[in-house]
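In the UniProt record's numbering, the protein residues as written are 1 to 384.
Glycine included, every Cβ here is placed at the ideal spot set by N, Cα and C.
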């Protein structure tokens, strides 16, 4: 018998104001923030409803700061304490920050330099590398190629990182293919960055497994052969920052998000019916649980609604690594998270099916996973 979605446990209590269907019009708005700012009025496509208006408290999210240095030292008592803090965050909102994470600060700095290089390219060059329909890799200006309203005030450049790819230059090859030979160095920087992210994510997966009381290597093994996504974000300044958003309210459909945000700030989490900002820490990485890992934890850990604001005067940048499993791997929680008191919360699915849903059928928001399962029931054979 298929598990039933319990609305009291799984439905996100957040007003949905975004259109869910992908854009179908032939005309595509070109995002040129400099030109739009000179016009003095933000185009209507970037205006968000009053439900999503910027109304931030001064109170900050009280997420734990985890010292990952304990994992290499093998201090089991300290690891148990850290796992407890991670578990408490997972139960409440799914966000925490990590320090002593092993990612070289010089590599992070170099990644930001290459982000600047990408987004300062001529618009025509960036558009030559734009994302193709249904794919994740490439340049996007405000997602205007996919949607026609509630557009985010940002540019993105995304690409895949396959954990099992035998080539140690897969990202280098991608950058050379879409931007040319003179962007080989950019590819090498992100190649090293993604390798560091994979290593870090597997350490975090061990800590998450300990916090859930499962085999500490269970999730490491699950993600060892993953197919992850790297994204560089650029949020230009916007004079109308009170009625626009850099990224609209959503949960991440992926498994785990590793974010480095610059010191401008703008990331906010929706909890207890209010938006709480996450303080930028130069030496830290922000970690949040996504929908796929929520399913892998049998709904114990939350995938929380969050958004990104734009700044009136300053540009904002961020580096985001989305940990994803292998495309065809079945997503289901380990058996020892299931019992009569804790039955299955979600049906089996594969990451490729969820990813296709978010790319071709649905705009990620606060109810992506629930909507995906409803779509599965009507358009695909049952997994049970």
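If you reduce the DSSP assignment to three classes, tell me which class residue i lands in.
{"i": "residue 194", "result": "helix"}
{"i": "residue 292", "result": "helix"}
{"i": "residue 130", "result": "strand"}
{"i": "residue 33", "result": "helix"}
{"i": "residue 389", "result": "Residue 389 lies beyond the range of the chain shown here (1 to 384); nothing can be said about it."}
{"i": "residue 221", "result": "helix"}
{"i": "residue 274", "result": "strand"}
{"i": "residue 238", "result": "coil"}
{"i": "residue 342", "result": "coil"}
{"i": "residue 261", "result": "strand"}
{"i": "residue 254", "result": "coil"}
{"i": "residue 49", "result": "coil"}
{"i": "residue 269", "result": "strand"}
{"i": "residue 177", "result": "helix"}
{"i": "residue 203", "result": "helix"}
{"i": "residue 214", "result": "coil"}
{"i": "residue 151", "result": "coil"}
{"i": "residue 167", "result": "coil"}
{"i": "residue 182", "result": "helix"}
{"i": "residue 124", "result": "helix"}
{"i": "residue 65", "result": "strand"}
{"i": "residue 286", "result": "strand"}
For residue i, count neighbouring C-beta atoms within 10 Å of its own C-beta (all shown protein chains included) and say buried if the count is 16 or more, exposed if not.
{"i": "residue 21", "result": "In this prediction, residue 21 has a pLDDT of 41, which is less than 50 and means its spatial position is unreliable; what the coordinates show is noted afterwards. It counts as exposed."}
{"i": "residue 369", "result": "buried"}
{"i": "residue 187", "result": "buried"}
{"i": "residue 233", "result": "buried"}
{"i": "residue 318", "result": "buried"}
{"i": "residue 49", "result": "exposed"}
{"i": "residue 213", "result": "exposed"}
{"i": "residue 418", "result": "Past the edges of the chain, shown from 1 to 384, lies residue 418, and the structure says nothing about it."}
Can you name the start and end residues of the alpha helix (DSSP H) that residue i belongs to?
{"i": "residue 113", "result": "105-119"}
{"i": "residue 69", "result": "69-73"}
{"i": "residue 322", "result": "That residue, residue 322, is in no alpha helix (DSSP H); its beta strand (DSSP E) goes 316-323."}
{"i": "residue 244", "result": "Counting along the chain, residue 244 falls outside any alpha helix (DSSP H), and DSSP gives it neither H nor E."}
{"i": "residue 157", "result": "No alpha helix (DSSP H) holds residue 157; the beta strand (DSSP E) holding it covers 155-162."}
{"i": "residue 90", "result": "76-92"}
{"i": "residue 371", "result": "368-379"}
Just to confirm the assignment, what range does the beta strand (DSSP E) spanning residue i have?
{"i": "residue 355", "result": "Taken as a continuous stretch (DSSP letters only), residue 355 belongs to no beta strand (DSSP E), being part of the alpha helix (DSSP H) at 351-360."}
{"i": "residue 99", "result": "95-99"}
{"i": "residue 306", "result": "306-308"}
{"i": "residue 303", "result": "From DSSP, residue 303 is part of no beta strand (DSSP E); its letter is neither H nor E."}
{"i": "residue 139", "result": "138-141"}
Taking the alpha-carbon positions, what's the residue i to residue j distance?
{"i": "residue 272", "j": "residue 73", "result": "37 Å"}
{"i": "residue 108", "j": "residue 197", "result": "11 Å"}
{"i": "residue 367", "j": "residue 47", "result": "21 Å"}
{"i": "residue 90", "j": "residue 125", "result": "41 Å"}
{"i": "residue 303", "j": "residue 158", "result": "22 Å"}
{"i": "residue 58", "j": "residue 278", "result": "11 Å"}
{"i": "residue 134", "j": "residue 75", "result": "45 Å"}
{"i": "residue 69", "j": "residue 163", "result": "24 Å"}
{"i": "residue 255", "j": "residue 297", "result": "11 Å"}
{"i": "residue 106", "j": "residue 174", "result": "23 Å"}
{"i": "residue 31", "j": "residue 43", "result": "10 Å"}
{"i": "residue 203", "j": "residue 376", "result": "32 Å"}
{"i": "residue 37", "j": "residue 241", "result": "11 Å"}
{"i": "residue 252", "j": "residue 190", "result": "22 Å"}
{"i": "residue 34", "j": "residue 344", "result": "50 Å"}
{"i": "residue 228", "j": "residue 160", "result": "6 Å"}
{"i": "residue 301", "j": "residue 180", "result": "42 Å"}
{"i": "residue 88", "j": "residue 293", "result": "16 Å"}
{"i": "residue 276", "j": "residue 246", "result": "16 Å"}
{"i": "residue 128", "j": "residue 336", "result": "49 Å"}
{"i": "residue 360", "j": "residue 379", "result": "14 Å"}
{"i": "residue 45", "j": "residue 315", "result": "20 Å"}
{"i": "residue 354", "j": "residue 226", "result": "15 Å"}
{"i": "residue 111", "j": "residue 193", "result": "7 Å"}
{"i": "residue 363", "j": "residue 307", "result": "14 Å"}
{"i": "residue 274", "j": "residue 92", "result": "14 Å"}
{"i": "residue 309", "j": "residue 185", "result": "31 Å"}
{"i": "residue 104", "j": "residue 83", "result": "24 Å"}
{"i": "residue 94", "j": "residue 288", "result": "5 Å"}
{"i": "residue 286", "j": "residue 86", "result": "12 Å"}
Taking only beta-carbon positions, decide if residue i is within less than 8 Å of chain D.
{"i": "residue 303", "result": "Absence of chain D from the displayed structure is noted, only one protein chain being present."}
Inset, instruction - Indicate whether the contact test is met: 3 or more Cβ pairs, each with one atom in the stretch 208-222 and one in the stretch 144-152, closer than 8 Å. - result: no
Inset, instruction - Could you tell me whether the stretch 197-215 touches the stretch 76-83, where touching means 3 or more Cβ pairs closer than 8 Å? - result: yes
Legend entry - Contact the stretch 332-351 vs the stretch 121-128: 3+ CB pairs below 8 Å: no
Inset, instruction - Pair every Cβ in the stretch 93-106 with every Cβ in the stretch 307-325, then say whether three or more of these pairs are closer than 8 Å. - result: no
Legend entry - Segment contact, 8 Å Cβ cut-off, at least three pairs: the stretch 245-263 with the stretch 58-66: no
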